[in-house]
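Note that the sequence shown covers residues 1 to 194 in this note's numbering.
Quick reminder that beta carbons are idealized off the backbone N, C-alpha and C, glycines included.
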Amino acid sequence: MKTQSSSQELDCHACGIDSQATKVVVSRGNPLSRLMIVGEAPGALEEEVGLPFVGRSGKVLDKLLEEIGLNPAKDVYICNAVKCRPPKNRRPSKTELRVAAPWLEQQIKLVDPWIIVLAGSTAVEAVLGDKKPISSLRGIWLDWNKRCVLPIFHPSYLLRNPSRIKGKPFSLTLEDLLQVRNKLYEFQKVLCHP
Ligand code: URA
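This is how it looks when you write it as structure tokens:
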């Protein structure tokens, strides 16, 4: 399948999703940012527009980022574990994750983030190979290939659990993202203005 833009042309039929998907969804945000957010896979709107997280989950994600003072267009690079929309928006299979992994590896190599936020259990499985429930992993920093990695709840889970009461998923995610912002600022202070 080919992407819209010739500068991003891909010709990948490796996992078979492409027989039904219409567009490869690569990324949005700033490729020069040192903060990367990885989600699961594009949904219907993402496929239509050709950008990740532009639907309801993406609105939640952008709102959370803005609440902690980050600009989604300038301060983060956003992508997914899988670049094509799985049929009926199902969770990508183990094989699809494995086959899509080299694309994500390349993105990580090129962007070279200090911090990677894994949104939801599929992103955790794709990057860390860990299949534990996200509720047991979120909020715990990991050192992965010399990068700081933080699993968080997926924004679609927050859509289903919108309560902002302290201790509930929404406010826990806000706390997690505040930690992310603080770490990003620390890195900037130490590495960019030593
Ligand atoms: N959910 C994801 O994980 N990624 C998207 O791009 C949209 C919804």
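Is there at least one non-hydrogen atom of the ligand URA closer than 8 Å to the beta-carbon of residue i?
i	result
P42	yes
F53	yes
V25	yes
E125	no
S121	no
E46	yes
G129	no
Starting from residue i and walking both ways along the beta strand (DSSP E), at which residues does that stretch end?
i	result
D143	L142 to W144
Would you say residue i lies against chain C (beta-carbon separation less than 9 Å)?
i	result
R34	Among the chains in the structure shown there is no chain C, since it carries only a single protein chain.
Going straight from the alpha carbon of residue i to that of residue j, what length do you get?
i	j	result
F187	K83	29 Å
L64	T95	32 Å
M1	H13	The pLDDT assigned to M1 is 48, lower than 50, so where the model puts this residue is not dependable, and the model offers no usable value.
S6	K74	Since pLDDT at S6 reaches only 36, below the 50 mark, its modelled position is unreliable, and the value read off the structure follows with that caveat. Looking at the two C-alpha atoms, the distance is approximately 23 Å.
R56	E105	27 Å
K88	A21	10 Å
Check whether the Cβ atoms of residue i and residue j sit closer than 9 Å, and answer yes or no.
i	j	result
C148	K189	no
E40	A119	yes
Any idea which residues DSSP pairs residue i with across the strands?
i	result
Y77	G29 and M36
C84	BP columns for C84 are empty, so no partner.
Tell me which residue opens and which closes the alpha helix (DSSP H) that residue i is part of.
i	result
P169	P169 to F187
A100	K94 to V111
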